[in-house]
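*Asks:* Here's a structure for you.
Residue numbers (the working numbering): 840 to 1021.
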């Protein structure tokens, strides 16, 4: 919704390639926001790779190699976001002037990057404590406890990686260099 409010209509989703409930929820929220805004989501704008820095570089590259690349990308994992930001620095892509990036963060990773990235934030410490309690109860119980699922609130922190949609989006050309489109 933040990116939509800044005028972005072509927003890519860079998501972990292992299907788990966290990432399913993040993808569902993304798809709902696009649908509610009346924006058709082309499946080419959804890319999957490992949730690490190399995966972030791969997902950024795949999205920016499209004929009509996104003007913004939502990464569902902190390390993927960091990898994409590193690749942008190496290629000379100016974030957020050329490309806006929103990540997901459960620690302080967003404050340790350059630029500091805008993020959906969750409290991983409380999540970890609650998970440890559940595991302890499950280990002490004679009865199977079933699947544990809890939805926790998130917050949103706008930092330095989002701006209005670029008038001249960037692409990665066949030679691996950036191309400014008109």
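For every residue, glycine included, the Cβ atom is placed at its ideal position computed from N, Cα and C. The structure displayed is predicted, hence computed values, not measured ones.
Taking only three categories from DSSP, how would you classify residue 893?
*Replies:* Here residue 893 sits in helix by DSSP.
*Asks:* How big is the Cα-Cα spacing for residue 952 and residue 1003?
*Replies:* Roughly 21 angstroms between the two C-alpha positions.
*Asks:* Go through its chain and collect everything with a Cβ distance to residue 1000's Cβ below 6 angstroms, but skip five positions before and after it.
*Replies:* Answer for residue 1000: 934, 935, 940, 954, 956, 957, listed in chain order.
*Asks:* Among 972, 908, 899, which residue has its Cα nearest to the Cα of residue 921?
*Replies:* Of 972, 908, 899, the residue nearest in Cα terms is 899.
*Asks:* Would you mind sorting residue 1014 into buried or exposed? The rule is 16 or more other CB atoms within 10 Å of its CB.
*Replies:* Exposed: under 16 other Cβ atoms inside 10 Å.
*Asks:* Does DSSP put residue 899 in a helix, in a strand, or in coil?
*Replies:* Helix at residue 899.
*Asks:* Starting from residue 995, trace the beta strand (DSSP E) both ways and give me its first and last residue.
*Replies:* Its beta strand (DSSP E) spans residues 994 to 996.
*Asks:* Please go through the same chain and pick out, in chain order, the residues whose beta-carbon is closer than 7 angstroms to the beta-carbon of residue 905, but skip the five residues on each side of it.
*Replies:* Around residue 905: 883.
*Asks:* Quick check on DSSP: helix, strand or coil for residue 939?
*Replies:* Strand, per DSSP.
*Asks:* By Cβ distance, which residues of its chain are closer than 8 angstroms to residue 848, with the 5 residues on each side in sequence left out?
*Replies:* Here the set comprises 878, 910, 1004.
*Asks:* Which of helix, strand or coil does DSSP assign to residue 911?
*Replies:* Here residue 911 sits in strand by DSSP.
*Asks:* On a Cα-Cα basis, can you pick out the residue from 873, 871, 869, 856 that is closest to residue 888?
*Replies:* Among 873, 871, 869, 856, the Cα nearest to that of residue 888 belongs to 856.
*Asks:* Compare the C-alpha of residue 903 against each of 890, 937, 880, 870 and name the closest.
*Replies:* The shortest Cα separation from residue 903 among 890, 937, 880, 870 belongs to 937.
*Asks:* Taking 7 angstroms as the threshold (C-beta atoms), are residue 928 and residue 885 in contact?
*Replies:* No.
*Asks:* If I follow the unbroken alpha helix (DSSP H) through residue 800, where does it start and stop?
*Replies:* There is no way to answer for residue 800, as the model of the chain reaches only from 840 to 1021.
*Asks:* In whole angstroms, what separates the C-alpha of residue 895 from that of residue 917?
*Replies:* The alpha-carbon atoms of residue 895 and residue 917 are separated by roughly 9 angstroms.
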